[in-house]
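Undergrad: For the sequence shown, this note's numbering assigns the number 7 to the initial residue and increments by one for each residue that follows. No residue lacks a Cβ here, since even glycine has one placed at the ideal position from N, Cα and C.
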Amino acid sequence: MIHFLLEVLKFVAGGIVGLYLALTLFCLGLAITVNWRAALLPLALLFEAAFSVVGFVAVPIAAALNATEYRPSQRFPERLVLSWRWWWMWVFGNEEDGIDGTPLDKNTLRNFRNVEWRTRTYSWSEWRRIVVWAAFRNGVSNLRYTKWGLLIDPRKVVVHLNSNTEWFVSQGWRSNYWYQGRRWRVWIGWPIKPWDYSPFDAALTEGDPRSAGVGFKLQFKRAR
Numbered sequence: 007m008i009h010f011l012l013e014v015l016k017f018v019a020g021g022i023v024g025l026y027l028a029l030t031l032f033c034l035g036l037a038i039t040v041n042w043r044a045a046l047l048p049l050a051l052l053f054e055a056a057f058s059v060v061g062f063v064a065v066p067i068a069a070a071l072n073a074t075e076y077r078p079s080q081r082f083p084e085r086l087v088l089s090w091r092w093w094w095m096w097v098f099g100n101e102e103d104g105i106d107g108t109p110l111d112k113n114t115l116r117n118f119r120n121v122e123w124r125t126r127t128y129s130w131s132e133w134r135r136i137v138v139w140a141a142f143r144n145g146v147s148n149l150r151y152t153k154w155g156l157l158i159d160p161r162k163v164v165v166h167l168n169s170n171t172e173w174f175v176s177q178g179w180r181s182n183y184w185y186q187g188r189r190w191r192v193w194i195g196w197p198i199k200p201w202d203y204s205p206f207d208a209a210l211t212e213g214d215p216r217s218a219g220v221g222f223k224l225q226f227k228r229a230r
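1. At a cut of 8 Å, does the region 71-79 reach the region 156-170 through at least three beta carbon pairs?
2. Exposed or buried, what is isoleucine 22 when buried is set at 16 or more other beta-carbons lying within 10 Å of its beta-carbon?
3. Any idea if tyrosine 151 is buried or exposed, counting beta-carbon neighbours within 10 angstroms, 16 or more meaning buried?
4. In the DSSP output, which residue or residues are listed as bridge partners for asparagine 170?
5. Under a three-way DSSP split, which group does asparagine 182 fall into?
6. According to DSSP, is asparagine 148 helix, strand or coil?
7. Find the nearest neighbour of asparagine 148 within the set Trp94, Ala229, Tyr185, Tyr183, judged by alpha-carbon distance.
8. Tell me the DSSP secondary structure of tryptophan 193 in three-state form.
9. Whole angstroms are fine: how far does the CA of aspartate 111 sit from the CA of glutamate 101?
10. From the DSSP output, in three-state form, read off tyrosine 26 for me.
11. Can the beta-carbon of glycine 24 be found closer than 9 Å to that of alanine 141?
12. Just to confirm, are phenylalanine 98 and alanine 68 a CB contact at a threshold of 9 Å?
13. For the alpha helix (DSSP H) containing serine 58, name the first residue and the last one.
14. Could you name the residues of the same chain whose beta carbon sits closer than 8 Å to that of arginine 216, not counting the 5 residues immediately before and after it, in chain order?
15. DSSP beta-bridge partners for tyrosine 203?
In structure tokens, the structure reads:
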């Protein structure tokens, strides 16, 4: 049985390494043909993945020890969010939605958003909801509020490529590649968009969820 599990782990690890190498080659191709910043994306993915791996271990343990508390969000003052009591776990927190994905309105104490998520996970234990949200769906969410993250300044956005199916956009050394096929959509980087550029605006429009800061992400999903 142990031998079988080891073989499965070796197969999974080999698949992950293969996908990473394929992504690296693709980004190097983008760096040659579009812009050099694309070469930094695989390195950024490794940095983000290192934090995520720590979160896969730390989040379940902290949740099991009930190291949580409600407090006002540091970035969205109208919300109360479930957060970690341990200061060193802050990076694995979520100032936007809380570590359970169900922020509360500060005045009414009712669900502020993500009602569908709350309904879908109603029968789950709090531990399960926290682990799925804070370790897997939105891992190391607060990393976007550190120097690793980005406050989008429309005046500094540069559009290197923008077509019907793909774009490559940057601000400083950070960048974002996005591709939309008939069946699949993929993007990697900080979620800067071509239409964010404006020579006059110093910040995103009020109400844009990215206005508080954005982090590095990798998404590969079916196109809607």
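TA: According to the structure shown:
1. no
2. Counting Cβ neighbours within 10 Å, isoleucine 22 comes out exposed, since fewer than 16 surround it.
3. With 16 or more Cβ atoms within 10 Å of its Cβ, tyrosine 151 is classed as buried.
4. Paired residues: none, contrary to the question.
5. strand
6. helix
7. Trp94
8. strand
9. 13 Å
10. helix
11. Contact: no.
12. If you check the CB distance, phenylalanine 98 and alanine 68 come in under 9 Å.
13. 47-70
14. Ile158, Pro197, Leu210
15. Paired residue(s): none; tyrosine 203 is not in a bridge.
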